[in-house]
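For the sequence shown, this note's numbering assigns the number 66 to the initial residue and increments by one for each residue that follows.
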Amino acid sequence: MAKALDGVRILDFTHVQSGPTCTQLLAWFGADVIKVERAGEGDITRGQLRDIPDVDSLYFTMLNHNKRSVTIDAKNPKGKEVLEALVKKCDVLVENFAPGALDRMGFTWERIQALNPRMIVASIKGFGPGPYADCKVYENVAQCAGGAASTTGFDDGPPLVTGAQIGDSGTGLHLALGIVTALYQRNTTGRGQLVTAAMQDGVLNLCRVKLRDQQRLARTGVMEEYPQYPDGKFGEAVPRAGNASGGGQPGWILKCKGWETDPNAYIYFITQAPVWKDICKVIGREEWLTDPRYATPKARLPHLMEIFGEIEKWTMTKTKFEAMDLLNEHDVPCGPILSMKEIAEEPSLRDTGTIVEIDHPKRGKYLSVGNPIKLSDSPSDVKRSPLLGEHTDEVLAELGYSRQQIDELRAQRAI
Ligand code: CAO
């Protein structure tokens, strides 16, 4: 079946995680993604966190599916010529080098426009223009600077980073949308444009509910759905809310049967107002239905921790899966805390292609996360990541280089 981005060529100058997430998505949608790496070493993640000696790491393989790999030395004059040929041929250049690195290679926006006015140049940096614009940034720096860390964790503990890679993969997602949007606009303007996504901005975008709460706090001095209410104190900034829900329906993580030995025997329980009656019935506290202290969502707010304590007495008698089944019979929103092991083994995620098994010539079979975005007319077919430079000759031949010219470039260490 044809793919949504068939015919779109991406010159992929990305490395580590944020940029590769973006170009992997574009590849899954059908773009021809040509990843440029340095001969000998390649993307640094090929060798990071290795579980098998001398074999591309899972870090690399899980972020670079469906791409082609070419090795080009961007600082070698002959290598630059090859890159210029690629700039002329491709639709999008994606990069997440440190600030200024692309310019230092000689590929300024002006130079790229001169070579190919239709080219879209998409960049991820840690910060946008401002005091930190020149800083190198990794995931947790962005989580801290984007507001996630100060609002994650418990009130009596330090700021926490989250396991979800909202700085890297989150910004990669943002950039992918920017690229597709710029491609769409190019249909009418005929011109390329610059697309930039800063990791701080991406994290903040995902933390927008906390900026909402900052303003609520500034106006009222209190937030009734936060665990600090009614007995604790609020300061000037949004506090860490533990496992409180970020929305208008109170929620908390509760122990389930087996919690003493299983660190993931927990369930997220949401006391959504429309199903309050069912919650009271299921947990056997029907007297709450007529008690004015529990009758309305507003009346319940000062008692939330006590309410969750009572509900927990019920969840502790069930496994998280039993509780999930019983509660969903009554449309009570809840979520079992799934371990990565449970997720890896979940058959329904295999059926949808969200978890896929891939075969790699050097590492054998491994699991990966497939494309979480499903298009009915453009299904994603996950293919293994390329070996370093696997497609150098193929891509150069497509650019018109002869066998002899390719051999000369290799002898000159340009590729
Ligand atoms: N040929 C020749 N040189 C190449 C090359 C190639 N094919 N590919 C990369 N290089 C060079 C770059 O030109 C750069 O050289 P200069 O410093 O002389 O200009 C050099 O390799 C190193 O690039 P870098 O500074 O981007 O790499 P780093 O490992 O020092 O930093 C990172 C990594 C991620 C901190 C930095 O790239 C960065 O801040 N990127 C933007 C934010 C980002 O995406 N962070 C998320 C990373 S995922 O956690």
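Note that the Cβ used here is the ideal one computed from N, Cα and C, for glycine as well.
The model shown is predicted, which means the values in this text are computed figures rather than measured ones.
Beta-carbon gap between residue i and residue j smaller than 7 angstroms
| i | j | result |
| --- | --- | --- |
| Phe192 | Gln113 | no |
| Val305 | Phe219 | The sequence as given places Arg at residue 305; Val does not occur at that position. Yes; because the gap between Cβ atoms is below 7 angstroms, this pair is in contact. |
| Gly267 | Gly243 | no |
| Leu276 | Pro315 | no |
| Val303 | Thr217 | no |
| Ala150 | Leu474 | no |
| Val135 | Val421 | no |
| Ile231 | Leu271 | yes |
| Ala163 | Lys201 | yes |
| Met170 | Ala139 | yes |
| Ser413 | Ile423 | no |
| Asn436 | Trp174 | no |
| Ile42 | Thr457 | The requested residue 42 is not part of the displayed model; the chain covers only 66 to 480. |
| Met389 | Lys320 | no |
| Glu289 | Leu392 | no |
| Gly84 | Asn161 | yes |
| Cys155 | Arg74 | yes |
| Gln470 | Lys143 | no |
| Val98 | Thr86 | no |
| Ser404 | Asn329 | yes |
| Asp233 | Gln82 | yes |
| Ile408 | Trp379 | no |
| Ile117 | Arg428 | yes |
| Arg224 | Ala210 | Arg is not the amino acid found at residue 224; the sequence shown has Pro there. In this structure, Ala210 does not lie closer than 7 angstroms to Pro224 by Cβ. |
| Lys100 | Asp77 | yes |
| Lys322 | Thr384 | yes |
| Gly95 | Asp119 | no |
Span of the beta strand (DSSP E) around residue i
| i | result |
| --- | --- |
| Ser433 | Gly429 to Val434 |
| Leu259 | Leu259 to Ala263 |
| Pro401 | Cys399 to Pro401 |
| Lys201 | Per DSSP, Lys201 belongs to no beta strand (DSSP E) and is neither H nor E. |
| Thr382 | No beta strand (DSSP E) contains Thr382, which DSSP labels as neither H nor E. |
Span of the alpha helix (DSSP H), counted from its first residue to its last, around residue i
| i | result |
| --- | --- |
| Phe39 | Not covered by the structure: residue 39. The range shown for the chain is 66 to 480. |
| Asp416 | Pro412 to Asp416 |
| Ile177 | Trp174 to Leu180 |
| Cys209 | Glu204 to Ala210 |
| Thr253 | Asp233 to Thr254 |
| Gly191 | Gly191 -> no alpha helix (DSSP H), and no H or E assigned at all. |
| Gln469 | Arg468 to Ala476 |
| Arg169 | Ala166 to Arg169 |
In DSSP terms, what residue i is bridged to
| i | result |
| --- | --- |
| Arg74 | Asp97 |
| His368 | According to DSSP, which records beta bridges pairwise, His368 is partnered with nothing at all. |
| Ala187 | Val159 and Val260 |
| Glu422 | Leu432 |
| Glu455 | Note: Glu455 sits in no beta bridge, so no partner. |
| Glu102 | Thr136 |
Contact test: residue i Cβ vs the ligand NAP heavy atom, cutoff 6 angstroms
| i | result |
| --- | --- |
| Val202 | Of the ligands one can find in the structure shown, namely the ligand CAO, none is the ligand NAP. |
Presumed contact (8 angstroms Cβ cut-off) between residue i and residue j, rounded CB distance
| i | j | result |
| --- | --- | --- |
| Gly55 | Ile332 | Because the chain in this structure spans residues 66 to 480, residue 55 falls outside the shown range and cannot be described. |
| Ile137 | Val152 | Between Val152 and Ile137 the Cβ distance is about 12 angstroms, and since that is not below 8 angstroms, they are no contact. |
| Phe373 | Trp317 | 4 angstroms |
| Ser467 | Asn129 | About 29 angstroms separates the two Cβ atoms, so there is no contact after all. |
| Leu269 | Gly212 | 5 angstroms |
| Leu240 | Ile189 | 6 angstroms |
| Ala187 | Val159 | 5 angstroms |
| Glu102 | Leu453 | 6 angstroms |
| Ile185 | Val226 | With a Cβ gap of about 32 angstroms, Ile185 and Val226 do not count as contacting. |
| Lys342 | Leu354 | 6 angstroms |
| Lys68 | Ser441 | 12 angstroms between Cβ atoms; not a contact. |
| Val340 | Asp396 | 6 angstroms |
| Leu90 | Tyr431 | With 8 angstroms as the limit, Leu90 and Tyr431 do not qualify as a contact, their Cβ atoms being about 19 angstroms apart. |
| Glu375 | Arg350 | 6 angstroms |
Requested in this report: Just list the beta strand (DSSP E) runs in the segment 268-352, keeping only unbroken ones of 3 residues or longer that don't cross its boundaries, in chain order.
Outcome: If we require 3 residues or more, the beta strand (DSSP E) runs fully inside the segment 268-352 come out as 316-320 and 331-335.
Query raised in the report: Which runs of the alpha helix (DSSP H) spanning at least 4 residues fall entirely within the segment 112-160, listed in chain order?
Result: Counting only runs of 4 or more, we get 123-126 and 142-154.
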